[in-house]
Structures are given as C-alpha cells and as structure tokens.
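In what follows, a single structure is set out as structure tokens and then discussed.
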Ligand code: UN1
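In the numbering used here, the protein residues as written are 513 to 1016.
Written out as structure tokens, the structure is:
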C-alpha cells in the first residue's frame, strides 16, 4: 500500500471510495490523480440546510461549556492525527510539510481557544435610566453557518470558523475548494470521531451538526442565496467575495469575507536588515506565495535599497524548490497549471509596465512534468503600476523605493486591498506612526515581523477589498451569535424612557 493510501486510511478515507465521482482531484506535487469525488449540486443545498436547522434547534440549547467539551474532543482528534492530516494537506495543496503540520497546529490552537471561550461568551450589564429596571446584553446562537474555504488553507480556515461557531451553538455547512475536497472529508471524519467520543461520555449531540458539500460554484451560490443561513463566511478571491457578499446582502444576511491581500513591508533606514531578509523570505516565498498574507510589495528606503535587494537576490538563489515532503525544501509547487500561467502573465505585464525581473520566474521542472514548480521572482518597479495593484497568487515580490516615511505610508495604502502590513525599523517614532490612525490602513499591522504567519489569538482579516471580515481570535466570535438587548422591569411602576409621559 502506498504512503498516500496509509494516510487516507488513518483519516478514515478509502482510496477506492474516493474514485467514484466526477470531480477529479490532482496532487500539485506531480499531477497524480488523488481521487474523483462525487459532487453535490445546488439542489442539494436546501435539504442540507433543513438538516442543519434541525441540528441547530438542539445544539443551541446545550450549555456553552458542554459545547466546549465537544470542541475539546475535536481538538484531541486533531492532535492525535496531526501528522496524517498535515501530510494530506501537503499532498493536496502542495505546501511544505512543516507548513502542512503548522496548519493543523493552527486548527488545534483555535480549538483550545474556543474551549476557553465556551465559558466566556460574555455579555454586558447596562445602567438603565429608569428606576427598578435592569438592562443587559446577551449573546445567543445564530443558526446555520455556511463556510466557503479556499485551497491554500484547506483546513485551518474551516477550523477558525467551525470551532468558534460550534461553541457559539451553531450548525455548520462547509463547501471546501474544489481543489482540496479530500482534506475536508478527512476533517469531517475526525469530527465524526469526536461525536462518537462525546456520545460515549454520555452527552447528546444532534446528527448533521457539521456537513460537507463537495461541489463547484453553483453550490457556493446556493449557500449564499439560502435565506436560512444567517451567516456565510467566505475566504477566497475578491471576485468570489464580491459575488457572495452581493448575494448574501441581497437577502440581508450577514457575510464574513476574507478576500485578497496585497501585503507590503516598509523597510526603513534603521531596520535590522538581516532580520528583514529572513522575514521577507518567509513572507514572499513561503507557501509558494499562495497565502492571502503573502508579502507582495517591498517598500524600501533609498539609502538601504541597493544593499537589501542585492542580499535578497542572493538569498533567492539559495531557495530550495522541490518536493514539499522533503524536509530540506522551502518552496513546493504552485497549485496547478492555471496558477503557473497566471504567474507568467503577471511577469510579462510587469515587464511591459517597466518592471525589471531581478531573479526567478521560470519553471523549475525537477523532472516532474505534472508539477508546477517555479523559482520565486523579484521584480523591481519604479512605481505602483496596474499590475502591482492586483493580487497574483504566486511568489512574485515587487520592490519599490521611497525617500521619506510619509511617501512610504502613502504608497503602502495606495492599493485596493487592506489585509496585512509591516514595518522594519528600530525607530520608535516610525513604528508608532505606522501603527497609528494615520499609518497602515490594514487589518493587520506588524513591527519587525513579516506580513504572514499570524497567530490565532488576534482577529484576522482586512479592510477595503479584503472584505472587512474578522475571524479567529479576539472577539471575532460575536459574528457567530446574535446580540439581544434585554430590559427587565422589576419595579411596580411603568416609567417610560426619555421621560415620555403616556397616561390615559
Ligand atoms: C490565508 O492565507 O487565507 O497569517 C490564511 C497567516 C496564516 C493564515 C493565512 N495564519 O499567514
């Protein structure tokens, strides 16, 4: 039995059963077919929502800390299957194994966070202006949560949503990317195992609390259009988010959008350049430039520009591109041929707009015709032309020069997206300015660390075309609940607010 089959088996999947449908799934490692899955269609959404609503009706009445106990068990399943799930992530989406394992760790972390949260779904008490009255704000479960996820974080983004939504008392329907449905089925199996353990411990849990719908765009559209899904959380391109947001908005539902980024680092004259180079490498070439937090623009002070860019070009020459299962590899393949073509088109466009490719861009075949391995590219630009305004999901880093910080911040913010940002500086004035109301306009702003690799404890998401949503840590849980303002009159009078008198 091949290693892949072992991994599938350990995660409760059977290679034979995964070969009976028409959604073909290929590994980006070598183009080998991983499976052909049966797809759901738009017509399958409404029945799934009915089942999820029935599950919600029961789950919402389970005490929060007991729901937390279920998420604790889910976290335990993830802990004990981290190696296999991390490997499957690598096989299906191509990120290096350390990042595949890191992604599963991110799932475990959010489960731990959610377990604590299950005892801290705090509301407020509010001073009433009326005597003998008590006001408070309470958070109640919301309903069926639709989750649409992307190929590049095929499992962690689901977990961010699922762990919080579950402790908040909701039911889940997940439409994973068509490129990475097998990892989603593996997660559903781990979910089912946690359900069995929860039941064995004497707890009740409804059927269909979590469902996976494998399918194409029509399934996503049907989820977005379904009025019985109060919240659709969608991660992916701005084009996708615009459509989902408009559909959900048309029925006055809520959406949580985590869309494209165009993340930049400002490197000031006082920056520790050695540290900056390390952060740039991870940010720009990690995950083959396919994170929404990937570093895409480097805005460098003119006094340190030449030296830094020369060090980067040298460092890029040493990047090991290849088999992501090999522990020496830093950069695995792009997800597919379309991503490779997209990268080539962007490089051509950048050159046509005056850009100079300093290194990389070419295909590194490595004798694997079915895999799209590329040398990460650095492109020097004289300004932020059209191509720089767009997110290309590939390892292309644009370098730009600045002469004073005002100009750097202006350039930094002068793109349609607003996800992640950072500054490298040893100057506290520059750092604080970058973090201030007149600094970075992004949802994430860092000092002396890169743009990618956020921890789960903070709220994750961004402004402008990034969609405005926040998921993961901090108080992001509130979006998975409905807020109720409650006023109780414990007096024997009937005073009206604002001193209004209304008597017969
Ligand atoms: C994504 O690319 O959609 O901050 C998520 C990061 C990861 C999550 C990225 N923790 O890079």
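Just so it is clear, CB atoms sit at the ideal spot from N, CA and C, and this is done for glycine as well.
Values in this document were obtained by computation on a predicted structure and should not be read as measured data.
Pick from 916, 631, 930, 953: whose alpha carbon is nearest that of residue 577? 631
Cβ-based neighbour list, residue 1014, same chain, cut-off 7 Å, excluding 5 preceding and 5 following: 1008
When burial is assigned at 16 or more other CB atoms within 10 Å of the CB, is residue 949 buried or exposed? Its Cβ having fewer than 16 others within 10 Å, residue 949 is exposed.
What is the rounded straight-line gap between the Cα of residue 840 and the Cα of residue 827? 15 Å
With a threshold of 16 other CB atoms inside 10 Å of the CB of residue 901, please say whether the residue is buried or exposed. exposed
Taking the C-alpha atoms as reference points, what is the distance between residue 959 and residue 788? It is roughly 11 Å from the alpha-carbon of residue 959 to the alpha-carbon of residue 788.
Closer than 8 Å to a non-hydrogen atom of ligand 1 - does that hold for the CB of residue 665? yes
On the premise that residue 797 lies in contact with residue 888, defined as a C-beta separation below 8 Å, what is that separation, rounded to the nearest angstrom? 4 Å
If you run the structure through DSSP and keep just helix, strand and coil, what is residue 963? If DSSP states are grouped into helix, strand and coil, residue 963 belongs with coil.
So, for residue 635: in the same chain, excluding its five sequence neighbours on each side, which residues have a beta-carbon less than 7 Å away from its beta-carbon? 648, 649, 650, 651
So the beta strand (DSSP E) residue 591 belongs to, where does it begin and stop? Not the beta strand (DSSP E): residue 591 falls in the alpha helix (DSSP H), residues 576-592.
With a CB to CB cut of under 6 Å and the five nearest residues on each side skipped, what residues in its chain are close to residue 626? 583, 675, 676, 679
Name the residue from 551, 966, 844, 683 whose alpha carbon lies nearest to the alpha carbon of residue 694. 551
Is there contact here, the region 729-743 with the region 901-911, by at least three beta-carbon pairs under 8 Å? no
Counting along the chain, where does the alpha helix (DSSP H) carrying residue 676 start and finish? 668-679
Leaving aside the five residues before and after residue 732 along the sequence, list all residues of the same chain whose C-beta is less than 6 Å from its C-beta, in chain order. These residues qualify, in order along the chain: 660, 687.
Which residues in the same chain as residue 761 place their Cβ atom closer than 8 Å to its Cβ, once the five residues preceding and following it in sequence are excluded? Answer for residue 761: 767, listed in chain order.
Sorted by chain position, which residues of the same chain lie with C-beta nearer than 6 Å to residue 823's C-beta, five sequence neighbours on each side aside? Residues of the same chain with a CB within less than 6 Å of the CB of residue 823, apart from the 5 flanking positions on each side, are 789 in chain order.
Proximity of residue 929 and residue 773 at Cβ, strictly below 9 Å: yes
Cβ-based burial, residue 734 [other Cβ within 10 Å; buried from 16]: buried
Would residue 647 pass as an interface residue toward chain B - the criterion being a Cβ-Cβ separation below 9 Å? Among the protein chains of the structure shown there is no chain B, as only one such chain exists.
From this set, 999, 681, 727, which residue's C-alpha is nearest residue 575's C-alpha? 681
Run the proximity test for residue 954: is its beta-carbon closer than 8 Å to any non-hydrogen atom belonging to ligand 1? no
Using the rule of at least 16 other Cβ atoms within 10 Å of the residue's Cβ for burial, across every protein chain shown, is residue 802 buried or exposed? buried
Nearest by alpha-carbon distance to residue 643: which of 1012, 776, 1004 is it? The shortest C-alpha separation from residue 643 is found at 1004.
Please go through the same chain and pick out, in chain order, the residues whose beta-carbon is closer than 6 Å to the beta-carbon of residue 724, but skip the five residues on each side of it. 686, 696, 700
In angstroms with no decimal places, state the Cα-to-Cα distance between residue 893 and residue 867. Using only the alpha carbons, I get a separation of about 5 Å.
Quick one, are the C-beta atoms of residue 568 and residue 683 less than 9 Å apart? Note that the C-beta distance between residue 568 and residue 683 is below 9 Å.
Using a threshold of 9 Å, state whether the C-beta atoms of residue 809 and residue 927 are closer than that. yes
For residue 673, collect the residues of the same chain with a Cβ closer than 7 Å to its Cβ; drop the 5 residues on either side in sequence, then sort them by chain order. Around residue 673: 657, 659, 745, 983.
Please determine if the region 523-539 and the region 709-718 are in contact, where contact requires at least 3 C-beta pairs separated by less than 8 Å. no
Apply the 10 Å Cβ neighbour rule to residue 1006 and answer buried if 16 or more other Cβ atoms are within range, or exposed otherwise. exposed
Could you check whether the region 660-670 touches the region 547-564, counting it as contact only if at least three pairs of C-beta atoms, one from each stretch, sit closer than 8 Å? no
What is the residue span of the alpha helix (DSSP H) that residue 921 lies within? 917-925
Below 8 Å, is the gap between the Cβ of residue 980 and the nearest heavy atom of ligand 1? no
If I measure Cβ to Cβ from residue 1002 and keep anything under 7 Å in the same chain, skipping five residues before and after, which residues do I get? Within the same chain, 644, 646 come within 7 Å of residue 1002 by CB-CB distance, once the 5 residues on both sides are set aside.
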